[in-house]
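The UniProt record's numbering applies: residue 1 is where the sequence shown begins, and numbers increase by one. Before any comments, here is the structure.
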Amino acid sequence: MSLPCNSTFPAGFIWGVATAAAQIEGAAFTDGKGESIWDRFARQPGKVHGGDTLDVACDHYHRFDEDFALMASLGVKHYRLSISWPRIYPDGDGELNQAGLDFYARLFDAMARHGITPWVTLFHWDLPQALEDRGGWRARETVEAFGRYATTVVQAFADRIEHWITLNEIRCFTQLAYGYGLKAPGVKVDAATLNQIYHHALVSHGLAVQAVRQYGGPRAQVGLTDNSDVCIPVTETPADIAAAREWYRRKNLHLLGAISNGGYSDEYLERCGKDAPKVAADDFALISAPTDFLGLNLYTGPFVRAGADGEPEEVLLPSAYPKADSPWLHWAPQVIYWGTRLAHETYGVKSIYITENGCGYNDEPVVAGEVNDLHRREFLRAHLRELQRAIADGIPVDGYFLWSFMDNFEWEDGYERRFGIVHVDFATQQRTPKLSAHYYAAVISANRVV
Ligand code: BGP
């Protein structure tokens, strides 16, 4: 399909916003919720900016009704949220906490009252600490426990939820958490263990797909949300595009590559050498079971070009290159176009949702009832233009979820970094829609980039 510049998006295009349980709910020890690895990590000195904890966060646990009223007032009809595993199984496995299920039932009721459709992520990094104490993602036991948790949640809410996301960003809760130690549980394991952890994440994804197929009902749809390493051709010439495509293929071999191949490639196994993961007999039947869509969290990516011998090489960013306040987030709006195009071309994905895109800034406080975040408006507009270009080129992108609805606990950055289109005063819990919220509301209402 061809979409001329600035025409409207396809009818039925999904415009949404995203959050995650641990980042907004607070009530970290309320109504029987168990401790998560992030509750523990945040209490270790020096791990999270300013010693911030998740204890209260946006107090969404108690304020969800007003939050949904605000969401609805902006015209947002689709909301990606996650369920907290330790609210459902405080020890990760074993005894069910009915109060946890009851909370989400109330939450979904409120969303229905406000005309908002839920898109539910089953795991967004808040592993129960009790499981970490028994090995965490290093242990196959955690995979089996996740399968039981996913089954419980799908069975409980199959009548209300049609869109399920299995896991959020495997790379972040594996490599950044157990490889670099930056995210909870903040440890550094050896290469063999890390490869096994990736594998455990893949099997967990497969078990969640299986739970949705078995218990989700006929209308249920399921997919993974991945933060693929997206490579952006520095000039859109055939040589640089080929280099970016090859770099992308190599960098995603262990996750999307393995899922789409139905097994680990020889290339990947050679790369692992003696540190290759142990694979049980039926693992890849689970891992590679067909899904209905691919979720992509797209924020940034390296620029790649063809080197002298045609080999891909990353172009170093000069110090003057524009960045958000999140140090890892340099501006590269083309990540939307190339992230979706490379996934479609490389893996044959037929339906893509951008499940996160947004920018982290240390926004200024509210002045006279306003937060003038023109920088975020500009960021969004540039990225939405690339979304429009992707759709115009026939890439099957069916929806876009902005990260994030409101300022929240941004993991190791605590409350310093703000990603929301709604400002949160963490002392008073006052919400103030920023300029970017009004901008996004206008985009949704016009169904085009404004
Ligand atoms: C993604 C996560 C989100 C959110 C966002 C912002 O990786 O899925 O939960 O936090 O990034 O990034 P960060 O808070 O790491 O700066």
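Just so you know, even glycine gets a beta-carbon here, dropped at the ideal spot from N, CA and C.
Status (buried if at least 16 other CB within 10 Å, exposed otherwise) for residue i
| i | result |
| --- | --- |
| I444 | buried |
| L296 | buried |
| T428 | exposed |
| D407 | buried |
| W338 | buried |
| N195 | buried |
| N362 | exposed |
| G257 | buried |
| Q69 | With the sequence shown as reference, residue 69 is identified as Ala, and Gln is not the correct amino acid for it. Counting Cβ neighbours within 10 Å, A69 comes out exposed, since fewer than 16 surround it. |
| M1 | Confidence at M1 is low in this model, with a pLDDT of 46, below 50, so the placement of that residue should be treated as unreliable; the coordinate-derived value is given next. Exposed, by the Cβ-count rule. |
| Y198 | buried |
| D109 | exposed |
| K350 | exposed |
| G135 | exposed |
Residue i: CB within 7 Å of a non-hydrogen atom of the ligand BGP
| i | result |
| --- | --- |
| E162 | no |
| F123 | no |
| G360 | yes |
| E356 | yes |
| V58 | It is worth fixing the name first, because residue 58 is Cys in this sequence and not Val. C58 Cβ: outside cutoff for every heavy atom of the ligand BGP. |
| R80 | no |
| A332 | no |
| E410 | yes |
| F419 | yes |
| C231 | no |
| N195 | no |
| N297 | yes |
| A280 | no |
| S326 | yes |
| N227 | yes |
| Q23 | yes |
| C172 | yes |
| A42 | no |
| W119 | no |
| A308 | no |
| A184 | no |
| D413 | yes |
| W403 | yes |
| residue 461 | Shown here, the chain extends from 1 to 450; a query on residue 461 therefore has no answer. |
| A20 | yes |
Distance between residue j and residue i (C-alpha atoms, nearest Å)
| i | j | result |
| --- | --- | --- |
| A201 | F303 | 28 Å |
| V367 | P433 | 12 Å |
| E169 | R376 | 23 Å |
| T8 | R148 | 43 Å |
| E364 | G206 | 43 Å |
| F29 | L101 | 15 Å |
| E66 | P90 | 27 Å |
| G348 | H163 | 21 Å |
| W247 | I232 | 10 Å |
| D309 | K188 | 36 Å |
| F146 | G75 | 35 Å |
| V153 | K183 | 25 Å |
| E311 | T117 | 45 Å |
| W411 | Q155 | 30 Å |
| L435 | A22 | 26 Å |
| T142 | G414 | 27 Å |
| V234 | S260 | 27 Å |
| A11 | A446 | 11 Å |
| V371 | V422 | 9 Å |
| S326 | C359 | 8 Å |
| S265 | S73 | 49 Å |
| L402 | V17 | 4 Å |
| Y268 | H60 | 43 Å |
| P218 | D425 | 42 Å |
| V48 | A239 | 42 Å |
| R431 | N97 | 31 Å |
| K323 | G301 | 12 Å |
beta-carbon residue i near the ligand HEM non-hydrogen atom, thresh 7 Å
| i | result |
| --- | --- |
| N168 | Looking at this structure, you won't find the ligand HEM anywhere; what it does contain is the ligand BGP. |
Where in the region 179-258 do unbroken runs of the alpha helix (DSSP H), each at least 4 residues long, occur, reported from the N-terminal end onward?
191-215, 238-251
Output the residue ranges of the alpha helix (DSSP H) runs that lie fully inside the region 313-350 and measure 4 residues or longer, sorted by chain position.
334-347
What are the complete beta strand (DSSP E) segments, minimum 3 residues, inside the region 282-313?
293-297, 303-306
In the region 5-59, which residue ranges form an unbroken beta strand (DSSP E) of at least 3 residues, counting only runs that do not cross its ends?
14-18
Quick one: which unbroken alpha helix (DSSP H) runs of 4-plus residues sit fully inside the region 75-141? Chain order, please.
85-88, 98-113, 129-132
Jot down the residue ranges of each uninterrupted alpha helix (DSSP H) in the region 150-178, minimum 4 residues, whole runs only, in chain order.
170-174
Sequence ranges, alpha helix (DSSP H) only - wholly within the region 344-413, length at least 4:
374-392
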